[in-house]
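K.L.:
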Amino acid sequence: MTEPVVRQRDTAGWFGHPRGLSTLFFTEMWERFSFYGLKALLILFMTAAATQGGLGFSSERAGGILGWYGFGVYATAILGGVLADRVFGQYRSVLLGGIIIAAGHFSMAFPTLATFYLGLCLIVVGTGLLKPNASTMVGALYDEDDARRGLGFSSERAGGILGWYGFGVYATAILGGVLADRVFGQYRSVLLGGIIIAAGHFSMAFPTLATFYLGLCLIVVGTGLLKPNASTMVGALYDEDDARRDAGFSIFYVGINVGAFVAPLIVGTLGQKVDWHVGFACAGVGMVIGLIQYVAGKSRLTPALQRLGQTDRHAAPATGPWWRFTRGEWGRVAAIAVLFVFSSIFWGAFEQASSSLNLFADRLTDNRLFGLRFPSTWYQSLNSMFMILGLAPLIGWLWVRLGPRQPSSPVKFALGLIFVGLGFVLIVPAARMAQERGVLVSPWWLIGLYFLHTIGELCLSPVGLSIVTKLAPARIVGAMMGLWFLSIAVGNKLAGMAGGMFETLPLPKLFTAVAGTTFVAALILLALTPWLRKLMGGVR
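This is how it looks when you write it as structure tokens:
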């Protein structure tokens with residue numbers, strides 16, 4: 001009889017967490033730097049006149065592209081998770097995703113439309129490989145009951161493109177999860193995703209419409225590989241009974257937001273004040289830096305990679321083929337599916353930060369504070385600034401303080417929907433003043449909105465990432481993480497569609513409709529909470 005392998009728990013590594021968390025923290029930070037740097041510029045670049053170096057798209061066309069890009073970046077996470085689980089493994093999936101993301105950004109550095117679209121596609125694919133697998137690896141650093149784990153998971157053509165970009169970035173996470181599960185493994189998936197993302201950004205550095213679209217496509221593909229598999233590796237850093245697991249995800253989420261905070265300040269300023277394509281190239285450089293430290297820190301991820309391999313070997317024989325679940329597993333998968341719907345609604349409202357709210361900041365807001373004028377892209381950093389400067393640790397402390405009395409995950413989701421709706425309620429009077437009186441409104445309206453939205457995000461996003469690693473059957477955790485990112489993909493597409501209405505629908509009506517939708521969704525979710533808790537089988 002073979003003796004089980006007993007591992008010494010890593011408690012003296014990075015701030016009391018496994019040392020591999022630092023590698024994943026900085027990988028995700030730089031990936032988010034490139035991602036949010038690009039999102040801060042996209043709709044402004046597409047709607048800027050050709051004489052200003054932009055593409056001259058209508059807000060409707062740009063919103064459509066942004067929506068599909070946002071969808072693709074997260075939808076590919078499903079494939080990225082599967083590829084990590086079955087082919088590459090989490091480590092290689094994250095590495096590959098990072099490479100593809102970098103390629104996408106560099107593609108967009110060229111001023112042609114072809115390299116722009118190529119860059120977007122590369123970033124979508126690379127993110128699909130990187131994003132879910134980095135989160136999975138963080139989860140693997142901790143045991144399931146480790147208290148350090150769960151808090152850290154933490155206008156029409158322009159709107160159309162932005163919507164499809166946002167959709168693609170997250171929708172490709174499905175493919176990224178599948179590829180990681182079945183082909184590459186998480187590590188290689190993240191690496192390949194990062195390379196493709198970088199290529200996409202550098203493609204957008206070239207000033208042609210072709211390189212612009214190429215860059216978007218590359219970023220979408222790379223993100224699909226990188227995003228789900230990075231998350232998967234986070235989970236794999238911890239044993240199932242490691243009490244540090246939830247807090248580990250909280251630290252990982254801080255890395256996401258450091259990158260998201262810095263990116264608009266650097267990439268956005270370079271794009272608006274120097275040249276659009278210099279900003280795109282800068283985002284690609286950030287992804288390359290992330291890839292370098294990811295490869296350099298591979299040895300710190302060895303325990304997580306071993307745990308992912310052992311989990312898959314032990315789970316599959318006991319439960320049969322990956323598509324056959326026990327009754328309890330079906331219940332947990334069903335709970336994820338229900339929460340998926342409400343997550344999509346939340347992100348449809350929240351991600352208007354890069355579409356309708358971005359245009360509102362650029363066209364209808366007096367971007368001066370204390371006598372100093374600043375670029376409209378700086379608002380994109382407010383969410384992360386609030387999180388880093390206190391909201392994230394405050395809400396994390398609150399959940400720990402409440403202990404067993406803290407709300408269940410579905411109730412936290414409902415709170416997230418309520419707070420994002422309150423943000424839109426706040427901005428309605430400002431939108432009315434701007435459109436009816438023709439005046440530029442104070443930046444404090446948007447500052448207040450982003451403060452409320454940040455509270456909502458902290459109630460929902462880290463909880464969602466953590467709950468997937470706890471509820472998903474072990475042999476398909478990468479694919480399920482990718483599927484979870486599909487909810488963000490759908491939300492990005494919805495946000496892009498809303499951004500496409502910026503010039504055709506009165507803004508007070510648009511923002512009121514968004515707020516009403518989130519409030520109704522929150523009430524429905526609260527009514528479903530007792531049933532969902534039964535499906536979850538005791539997992540909070």
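Residue numbers (this note's numbering): 1 to 540.
Just so you know, even glycine gets a beta-carbon here, dropped at the ideal spot from N, CA and C.
Small disclaimer: the values here were computed from a predicted structure and weren't measured.
(1) Looking at the structure shown, is R86 part of a helix, part of a strand, or coil, going by DSSP?
(2) Is it buried or exposed, W444, if we count other Cβ atoms within 10 angstroms and call 16 or more buried?
(3) Measure the C-alpha to C-alpha separation of F103 and P375 and round it to an integer number of angstroms.
(4) Work out the CA separation of L175 and G80 for me, nearest whole Å.
(5) Helix, strand or coil for F57, going by three-state DSSP, please let me know.
(6) Of the choices V221, V441 and F451, whose alpha-carbon is the least far from that of N367?
(7) Can you tell me which of the three DSSP states M433 falls into?
(8) Using only alpha-carbon positions, find the residue among S22, F45 and K534 that is nearest to V333.
(9) Straight-line CA distance for Q435 to W347?
(10) Could you work out which residue in I65, F35 and Q90 is closest to S355 when comparing CA atoms only?
(11) Which residue wins for smallest C-alpha separation from V468, given the options N257, E329, R182 and G491?
(12) How would you write the range of the beta strand (DSSP E) that T512 sits in, first residue to last?
(13) Leaving out five residues on either side along the sequence, give the residues of the same chain with a beta carbon under 8 Å from the beta carbon of I388.
(14) Alpha carbon to alpha carbon, how far is G150 from F249?
(15) Between the segment 391-399 and the segment 264-271, do three or more beta carbon pairs fall short of 8 Å?
(16) To the nearest angstrom, report how far apart A77 and G516 are at their CA atoms.
(17) Note down the Cα distance separating V87 from T112, rounded to an integer number of angstroms.
(18) Can you tell me whether F544 is buried or exposed? The criterion is at least 16 other CB atoms within 10 Å of its CB, across all chains shown.
(19) Write down the C-beta distance between I123 and V220 rounded to the nearest angstrom, noting that I regard them as a contact closer than 8 Å.
(20) Note down the Cα distance separating T127 from L486, rounded to an integer number of angstroms.
(21) Measure the alpha-carbon distance for T311 versus A337 and round it to whole angstroms.
(22) Could you check which residue in T223, G177, F519 and G54 has the C-alpha nearest to that of K273?
(23) Report the rounded CA-to-CA distance for W68 versus F519, giving the unit in angstroms.
(24) Would you please state the rounded distance, in angstroms, between the beta carbons of A283 and S34? I believe it to be under 8 Å.
(25) May I ask which residues mark the beginning and end of the beta strand (DSSP E) holding A180?
(26) Start and end of the alpha helix (DSSP H) containing L486?
(27) Less than 9 Å separating the beta-carbons of G482 and V82?
(28) Please classify M287: does DSSP put it in a helix, a strand, or coil?
(29) Between the Cα of L543 and those of D85, S107 and L21, spot the shortest distance and give me the residue it belongs to.
(30) Does the distance from the CB of L191 to the CB of L95 come in under 9 Å?
(31) Where does S355 sit, in a helix, a strand or coil, going by DSSP?
(32) Which residues does DSSP pair with Q186 in a beta bridge?
(33) Taking the alpha carbon of S381 as the point to measure from, which residue in F45, T454 and V295 has its own alpha carbon closest?
P.N.:
Reading off the structure:
(1) R86: helix per DSSP, three-state reduction.
(2) Under this definition W444 is an exposed residue.
(3) Residue identity check: residue 103 is Ala in the sequence provided, not Phe. Roughly 27 Å between the two C-alpha positions.
(4) Take the alpha-carbon of G80 and the one of L175: they are about 5 Å apart.
(5) Coil, per DSSP.
(6) The option with the nearest alpha carbon to N367 is V441.
(7) Shown here, M433 sits in a helix according to DSSP, grouped into three states.
(8) V333 has its Cα closest to that of K534, out of S22, F45 and K534.
(9) Rounded to the nearest angstrom, the two C-alpha atoms are 26 Å apart.
(10) Distances from the alpha-carbon of S355 to those of I65, F35 and Q90 put I65 closest.
(11) Residue nearest to V468 within the set N257, E329, R182 and G491 is E329 (criterion: CA-CA distance).
(12) For T512, there is no enclosing beta strand (DSSP E); the enclosing alpha helix (DSSP H) covers residues L507 to L535.
(13) Setting aside the 5 residues that flank it on each side, I388 is surrounded in the same chain by V254, N257, V258 and F261, each with a C-beta closer than 8 Å to its C-beta; the list follows chain order.
(14) Reliability of the predicted coordinates at G150 is poor, the pLDDT of 40 falling under 50, and the value obtained from them is presented with this limitation in mind. When only Cα atoms are considered, G150 and F249 end up about 6 Å apart.
(15) These segments do not touch.
(16) About 30 Å.
(17) The straight-line gap from Cα to Cα measures roughly 35 Å.
(18) The question about residue 544 has no answer here: the residues shown for the chain are numbered 1 through 540.
(19) Indeed they touch by this definition, with Cβ atoms about 5 Å apart.
(20) Straight through space, the alpha carbons of L486 and T127 are spaced by roughly 12 Å.
(21) For T311, the pLDDT reaches just 49, beneath the cut-off of 50, and the residue's location in the model is therefore unreliable, although a value from the coordinates is still provided. Rounded to the nearest whole angstrom, the C-alpha separation of T311 and A337 is 23 Å.
(22) For the residues T223, G177, F519 and G54, the minimum Cα distance to K273 belongs to G54.
(23) Taking the straight line from one Cα to the other gives about 26 Å.
(24) A Cβ-Cβ separation of about 4 Å places A283 in contact with S34 under the 8 Å criterion.
(25) Premise fails: A180 lies in the alpha helix (DSSP H), I174 to R182, not in any beta strand (DSSP E).
(26) V477 to G500 is the extent of the alpha helix (DSSP H) around L486.
(27) Judged by beta-carbon spacing, V82 lies within the 9 Å limit of G482, meaning their Cβ atoms are closer than that value.
(28) M287 falls in the helix class under three-state DSSP.
(29) Outside the displayed range of the chain (1 to 540) lies residue 543, so it cannot be described from this structure.
(30) The criterion of a C-beta distance shorter than 9 Å is satisfied by L191 and L95.
(31) Coil.
(32) Note: Q186 is bridge-paired with Q90 in the DSSP secondary-structure output.
(33) With respect to the C-alpha of S381, the residue from F45, T454 and V295 having the closest C-alpha is T454.
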